[in-house]
Amino acid sequence: MPATSAAIQRLLDGRPTRSTGALTTLQLAAEAGVKRWVLTHKHVDLKEEFVRRKSEANGIPPAFQHLHARAVDAEAAAQALREDNDRLRERVAVYAQVIHELRTELDRRTDNSTQRSPLRSLPASIP
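In terms of our numbering, the sequence shown opens at residue 5 and continues consecutively.
Right, here's the structure in full:
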């Protein structure tokens with residue numbers, strides 16, 4: 005059945021004309037212009053060829069494999085950025101706590117006017 009063979013090739017090349025382009029038996033039938041049962045009951049050999057070729061392509065049409073690889077790389081980069089962001093947030097929280105503790109200690113020392121503190125107070129605002 006040459007129409008089905010051509011439909012298999014179009015789907016695997018990522019250039020469907022009658023279907024969504026999904027690599028399923030239902031979409032193969034739509035692409036070939038036949039009923040699904042024709043593939044699953046009458047032309048089982050063509051359906052099996054399609055399934056075999058689809059598995060060789062890991063379920064992704066060759067025309068889209070480069071995009072899939074880019075998407076995988078982008079997701080890995082995004083995950084690395086999320087992890088880096090989490091580390092930076094933790095570091096900022098630690099710095100904020102240290103600043104708070106230093107400011108509290110400085111305020112405590114400046115409030116204690118009976119003792120002369122070797123620390124100088126920080127300016128209230130930067131010119």
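Virtual Cβ for every residue (Gly too), placed ideally from N, Cα, C.
If you draw a straight line from the Cα of residue 26 to the Cα of residue 44, it is about 17 Å long. Minimum Cα-Cα distance from residue 54 among the listed residues 15, 94 and 103 corresponds to 15.
Taken through DSSP and simplified to helix, strand or coil, residue 50 comes out as helix. Contact between residue 11 and residue 32 holds, since their C-beta atoms are separated by about 6 Å, short of 8 Å.
The C-beta distance from residue 8 to residue 47 rounds to 6 Å, short enough to fall under 8 Å.
Annotation for residue 30: the continuous alpha helix (DSSP H) segment containing it runs 29–36.
Between residue 68 and residue 18, the CB-CB gap stays under 8 Å. DSSP places residue 59 in the helix class (H, G or I) of the three-state scheme. Taking the Cβ atoms as the reference, residue 40 lies roughly 6 Å from residue 30, within the contact range of under 8 Å.
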